[in-house]
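J.: So for the sequence shown, UniProt numbering puts the first residue at 1; every next one is plus one.
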Amino acid sequence: MNPASPAPTSPTTPTANHRRVRALSLLTLDAAAWCAGFLAAATTRYEFDLTERISGLVLGTALACAALHAGLNRARLVLWGRHPLGSAGDVRDLAAAGALTIAVALAVLLPVDVRPIPASTPLVGGAIALLLMMGSRATFRFHREQRAQAAPSTSRALIYGVDDTSERLLRVLLADPAGRYRPVGLLDDDREHRNMRLAGVRVLGGREQLTDAVRATGADTVIFATGHADPELMRDVRARTLQAGAAFKVLPPVHELLDRPVAVTDVRDLQITDLLGRAQRVAELAVDRNGLAGRRVLVTGAGGSIGSELCRQIARCDPGELMMLDRDESALHALQMSLDGRAMLDGPELILADIRDRDGIARVIADRQPDVVFHAAALKHLTLLQRHPGEAVKTNLLGTLNVLDACRDVAEFVNISTDKAADPVSVLGYSKRITERLTAHYAERYGGAYLSVRFGNVLASRGSVLTAFEAQLRAGLPITVTHPDVTRYFMTVQEAVQLVLQAASIGRGGEALVLDMGEPVRIADVARRLADEAPSGAEIVFTGLRPGEKLHEDLFGADEVDSRPLHPLISHVRVPALRPEEIGSLDPYGDPAELVKRMEALCTHRSTVWQALPTPR
Numbered sequence: 001m002n003p004a005s006p007a008p009t010s011p012t013t014p015t016a017n018h019r020r021v022r023a024l025s026l027l028t029l030d031a032a033a034w035c036a037g038f039l040a041a042a043t044t045r046y047e048f049d050l051t052e053r054i055s056g057l058v059l060g061t062a063l064a065c066a067a068l069h070a071g072l073n074r075a076r077l078v079l080w081g082r083h084p085l086g087s088a089g090d091v092r093d094l095a096a097a098g099a100l101t102i103a104v105a106l107a108v109l110l111p112v113d114v115r116p117i118p119a120s121t122p123l124v125g126g127a128i129a130l131l132l133m134m135g136s137r138a139t140f141r142f143h144r145e146q147r148a149q150a151a152p153s154t155s156r157a158l159i160y161g162v163d164d165t166s167e168r169l170l171r172v173l174l175a176d177p178a179g180r181y182r183p184v185g186l187l188d189d190d191r192e193h194r195n196m197r198l199a200g201v202r203v204l205g206g207r208e209q210l211t212d213a214v215r216a217t218g219a220d221t222v223i224f225a226t227g228h229a230d231p232e233l234m235r236d237v238r239a240r241t242l243q244a245g246a247a248f249k250v251l252p253p254v255h256e257l258l259d260r261p262v263a264v265t266d267v268r269d270l271q272i273t274d275l276l277g278r279a280q281r282v283a284e285l286a287v288d289r290n291g292l293a294g295r296r297v298l299v300t301g302a303g304g305s306i307g308s309e310l311c312r313q314i315a316r317c318d319p320g321e322l323m324m325l326d327r328d329e330s331a332l333h334a335l336q337m338s339l340d341g342r343a344m345l346d347g348p349e350l351i352l353a354d355i356r357d358r359d360g361i362a363r364v365i366a367d368r369q370p371d372v373v374f375h376a377a378a379l380k381h382l383t384l385l386q387r388h389p390g391e392a393v394k395t396n397l398l399g400t401l402n403v404l405d406a407c408r409d410v411a412e413f414v415n416i417s418t419d420k421a422a423d424p425v426s427v428l429g430y431s432k433r434i435t436e437r438l439t440a441h442y443a444e445r446y447g448g449a450y451l452s453v454r455f456g457n458v459l460a461s462r463g464s465v466l467t468a469f470e471a472q473l474r475a476g477l478p479i480t481v482t483h484p485d486v487t488r489y490f491m492t493v494q495e496a497v498q499l500v501l502q503a504a505s506i507g508r509g510g511e512a513l514v515l516d517m518g519e520p521v522r523i524a525d526v527a528r529r530l531a532d533e534a535p536s537g538a539e540i541v542f543t544g545l546r547p548g549e550k551l552h553e554d555l556f557g558a559d560e561v562d563s564r565p566l567h568p569l570i571s572h573v574r575v576p577a578l579r580p581e582e583i584g585s586l587d588p589y590g591d592p593a594e595l596v597k598r599m600e601a602l603c604t605h606r607s608t609v610w611q612a613l614p615t616p617r
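1) Output the distance between the C-alpha atoms of A331 and G304, rounded to the nearest integer angstrom.
2) How many angstroms separate the CA atom of L106 from the CA atom of S55?
3) Leaving out five residues on either side along the sequence, give the residues of the same chain with a beta carbon under 6 Å from the beta carbon of E560.
4) Would you list, in sequence order, the uninterrupted beta strand (DSSP E) runs of no fewer than 3 residues that lie entirely inside the stretch 504-540?
5) With 16 other CB atoms within 10 Å as the buried threshold, where does Q494 fall?
6) Locate the beta strand (DSSP E) running through G185, then write down its first and last residues.
7) Is there contact between the stretch 387-405 and the stretch 591-599, where contact requires at least three CB pairs shorter than 8 Å?
8) Just tell me which of R235, M599, A421, L350 has its CA closest to the CA of L530.
9) Measure the Cβ-Cβ separation of C65 and T101 and say whether it is below 8 Å.
10) Which of the three DSSP states, helix, strand or coil, is assigned to Y589?
11) Excluding five sequence neighbours on each side, which residues of the same chain lie with their C-beta closer than 6 Å to the C-beta of R546?
12) So, with DSSP's three-state summary, where would you put R606?
13) Could you have a look at Y450 and say whether DSSP puts it in helix, strand or coil?
14) Roughly how many angstroms separate the alpha carbons of V91 and V458, rounded to a whole number?
15) Could you give the first and the last residue of the continuous beta strand (DSSP E) run that contains E412?
16) Candidates P520, I540, Y160: which alpha carbon is nearest L189's?
17) Would you kindly report the start and end of the unbroken beta strand (DSSP E) that includes D326?
18) Bridge partners for T480 per DSSP, in chain order?
19) Which partner residues does M491 have in the DSSP bridge list?
20) Would you kindly work out how many angstroms separate the C-alpha atoms of R488 and S87, rounded to a whole number?
21) Looking at C-beta atoms only, is the number of pairs between the stretch 578-585 and the stretch 517-536 that lie closer than 8 Å three or more?
22) From this set, Y442, R141, N195, A40, which residue's C-alpha is nearest V172's C-alpha?
23) What is the DSSP secondary structure of Y442, reduced to helix, strand or coil?
24) Among D176, Y181, M134, R202, whose alpha-carbon lies nearest the alpha-carbon of V162?
25) Is the stretch 419-427 touching the stretch 442-457 in the sense that three or more CB pairs, one from each, lie closer than 8 Å?
26) In the DSSP assignment, the beta strand (DSSP E) including F469 goes from what residue to what residue?
27) Give the DSSP-derived three-state secondary structure of A279 in the structure shown.
28) What is the residue span of the alpha helix (DSSP H) that A67 lies within?
29) Between the C-alpha atoms of L50 and P116, what's the straight-line distance to the nearest angstrom?
30) Along the chain, where does the alpha helix (DSSP H) that runs through L298 open and close?
31) Flag this pair as touching only if the stretch 399-413 and the stretch 339-347 have three or more C-beta atom pairs under 8 Å; answer yes or no.
32) My guess is that A377 and I355 are in contact by the Cβ rule of under 8 Å, so how many angstroms apart are they, rounded?
33) Residues bridged to L428 by DSSP?
34) Suppose the cutoff is 7 Å on Cβ atoms and the five residues either side in sequence are ignored; what does the same chain contact list for V58 look like?
35) Output yes or no for whether 8 Å exceeds the beta carbon distance between T217 and R316.
36) Check this for me: beta carbons of L310 and F374, under 8 Å apart or not?
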């Protein structure tokens, strides 16, 4: 740096100077408010005939009260912190300090026989002073919000929905220093909310009046901010918004906002999960997060879509230790980055291991001694496993068996399964059904809470139908759908993980837990919605069902009963146990067709059926 050049100004200096100026200005205004309030009270008390002596005593008392009030405010700031200027919390603290100041003044004046000023002056004058102080803060806040709204980059926004969520957003937008969105009106279909005002912003009507409200206010954005809404409502409001020539934005589902305040950055573009409505259902799943507090938790397959989200949610439960195991080093790198904002790969929480390695897994679990194991490691692509059933045996079956064998001292074991394990017809379904039965056997053998959890298709997970569709759209290719009538149950990754955490707290050994996933969704409808989102549209091509695929998935097997004893959205299914010795005939290197037959036989209750089949060479 050139020594002759002036030293750079610290970026914090203007802020510090501004705060000092604001603090001095508030002290001056507060002192003036006390003086004006006391003079007004004394003047009316003496019928507008104040002497110079009484005026001096009144002003002196007012300044003493102002000093006491300032001292109380300072003590409150040091002990409990402060609220934003002009907020409800700030007004409440201001009133509390003012009331205490008035009480002290009365305590001093009342016992005196000859009072320098009337005893009513602190009471009436203090009330007037508080009103003046509140007014000055409200004026300051109003001008600050006006400055923010006057930012050249501000988008004029209508907010759809009048409830706690939208009110929180409204106040955040009004206080946003960057002024990204200026609320110019509210919309809500409830007629009781018509002409209501929230933070000075008026309700202009319902969705029927959306087009008129956009024209009247000059709004260029509509933010869908109601806490609980069905996808049909969202699609309708979106269609009306686009027809009116405005941009459509949404807030995340309410469950994502429970543990933190709403932020301007939460306003985002629409996602397909919003249109499918799955984002709202997970909010109904109440999970006792205290069940993992202080415990040692191991997650296998931690780098996958389910495993990584599982790790993120477990980390919020304050576990004693979170251990994340995967054979994919890049996936562990990305996971640590998402959790810590850094990825040095040097912490003991990351474990690079393969569940196919029996001795390695046994050493890891013996050394780290977890209390709870979430087993998410698996191969999951149905078509690939249909062609390579030996890989399903090596990973999904023998790998799971390796983990189960090593977990003899683990109190809780949660096996991640799939709805394809219900009356399975594919290699993936066979392998996951067998792991459910193996898990049930170890629940009997060890007496612990060893159970399984069945998911539907996880939206936006790696390799899911949704990510495949979006990749085809980005590449300008037609969207490929197997059959026009094929349906699937869908879950968000948050729902899937909520179910896993529920299993750890309410599941019982030997069970499979199944989430009520609502109605199945036609894949062709999802494809059409995505095609409609594309700027130039997209063609949909039907390719036909592949080997092992069902037209419609089942949540329960033909002999399974839907029982919900503990939670209205969680079904508990008893799983018949399968001894590990009975999978000994599965040769992953044998004839694929014969291997598939043996896996199918092991999925039935008659687990000795395999003995009637020829032994593979």
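Note that the Cβ used here is the ideal one computed from N, Cα and C, for glycine as well. Being a predicted model, the structure only gives us computed values, none of them experimental.
T.: According to the structure data:
1) Residue 331 sits at position 331 when you count from the first residue of the sequence shown. Residue 304 sits at position 304 when you count from the first residue of the sequence shown. Distance between the alpha carbons of A331 and G304 is about 7 Å.
2) Taking the sequence shown and counting its residues from 1, one reaches residue 106 at position 106. Taking the sequence shown and counting its residues from 1, one reaches residue 55 at position 55. C-alpha separation (whole angstroms): 18 Å.
3) Here residue 560 is taken as the residue at index 560 of the sequence shown, counted from 1. Within the same chain, E560 has close Cβ partners V573.
4) 511-515
5) Counting from one through the sequence shown, the residue named residue 494 turns up at place 494. With 16 or more other CB atoms across the displayed protein chains lying within 10 angstroms of its CB, Q494 is buried.
6) Start at 1 with the first residue of the sequence shown, and residue 185 comes out as number 185. Looking at the DSSP string, the run of the beta strand (DSSP E) that includes G185 is 181-187.
7) yes
8) Residue 530 sits at position 530 when you count from the first residue of the sequence shown. L530 has its Cα closest to that of R235, out of R235, M599, A421, L350.
9) One-based indexing of the sequence shown puts residue 65 at position 65. One-based indexing of the sequence shown puts residue 101 at position 101. It is a contact, given that the beta carbons lie within the stated cut-off.
10) As a working mapping, residue 589 is identified with position 589 in the sequence shown. Y589 falls in the coil class under three-state DSSP.
11) Here residue 546 refers to the residue found at position 546 of the sequence shown. If we look at R546 and ignore the five residues flanking it on each side, its Cβ neighbours are T383.
12) Looking up residue 606 in the sequence shown gives position 606. Unreliable positioning characterises R606 in this predicted model, as indicated by a pLDDT of 49, which lies under 50. A coordinate reading is not provided.
13) On the sequence shown, position 450 is the one that residue 450 refers to. Three-state result, Y450: strand.
14) Stepping through the sequence shown from its first residue, residue 91 is reached at position 91. Stepping through the sequence shown from its first residue, residue 458 is reached at position 458. Between the C-alpha atoms of V91 and V458 there is a straight-line separation of about 47 Å.
15) Within the sequence shown, numbered from 1, the residue matching residue 412 stands at position 412. Element bounds for E412: 412-418.
16) Position 189 of the sequence shown, counted from the start, is the residue given in the question as residue 189. Per the sequence shown, the amino acid found at residue 189 is Asp instead of Leu. Of the candidates P520, I540, Y160, the one whose C-alpha sits nearest the C-alpha of D189 is Y160.
17) Locating residue 326 in the sequence shown gives position 326, counting from the first residue. Its beta strand (DSSP E) spans residues 321-326.
18) In the sequence shown, the residue the question calls residue 480 occupies position 480. Bridge partners of T480: V541.
19) On the sequence shown, residue 491 is found 491 positions in, with the first residue counted as 1. Per DSSP, V458.
20) The residue given as residue 488 occupies position 488 in the sequence shown. The residue given as residue 87 occupies position 87 in the sequence shown. In this structure, the straight-line span from the alpha carbon of R488 to that of S87 is close to 48 Å.
21) no
22) If you number the sequence shown from 1, residue 172 lands on position 172. Residue R141 is the option with its Cα nearest to V172.
23) If you number the sequence shown from 1, residue 442 lands on position 442. Looking at Y442 - three-state DSSP - the assignment turns out to be helix.
24) In the sequence shown, the residue the question calls residue 162 occupies position 162. Out of D176, Y181, M134, R202, R202 has the C-alpha closest to the C-alpha of V162.
25) yes
26) To locate residue 469, count along the sequence shown from 1; it is residue 469. From DSSP, F469 is part of no beta strand (DSSP E) but of the alpha helix (DSSP H) over 465-474.
27) Numbered from 1 along the sequence shown, position 279 holds the residue referred to as residue 279. Reliability of the predicted coordinates at A279 is poor, the pLDDT of 44 falling under 50, and no value is obtained from them.
28) As a working note, residue 67 is residue 67 in the sequence shown. Going by DSSP, A67 is part of the alpha helix (DSSP H) stretching over 52-80.
29) The residue given as residue 50 occupies position 50 in the sequence shown. The residue given as residue 116 occupies position 116 in the sequence shown. Cα to Cα, L50 sits roughly 13 Å from P116.
30) Position 298 of the sequence shown, counting from 1, holds the residue named residue 298. No alpha helix (DSSP H) holds L298; the beta strand (DSSP E) holding it covers 296-300.
31) no
32) The residue you call residue 377 lines up with position 377 of the sequence shown. The residue you call residue 355 lines up with position 355 of the sequence shown. Sure, about 5 Å apart at Cβ, within 8 Å.
33) As a working note, residue 428 is residue 428 in the sequence shown. Its beta-bridge partners do not exist; DSSP assigns none.
34) Position 58 of the sequence shown, counting from 1, holds the residue named residue 58. Closer than 7 Å at the Cβ level, and outside the excluded window around V58, lie F38, L39, A42, I117, T121.
35) Here residue 217 corresponds to residue number 217 of the sequence shown, with the count starting at 1. Here residue 316 corresponds to residue number 316 of the sequence shown, with the count starting at 1. The answer is no: Cβ separation not under 8 Å.
36) As a working note, residue 310 is residue 310 in the sequence shown. As a working note, residue 374 is residue 374 in the sequence shown. For L310 and F374, yes; Cβs fall inside 8 Å.
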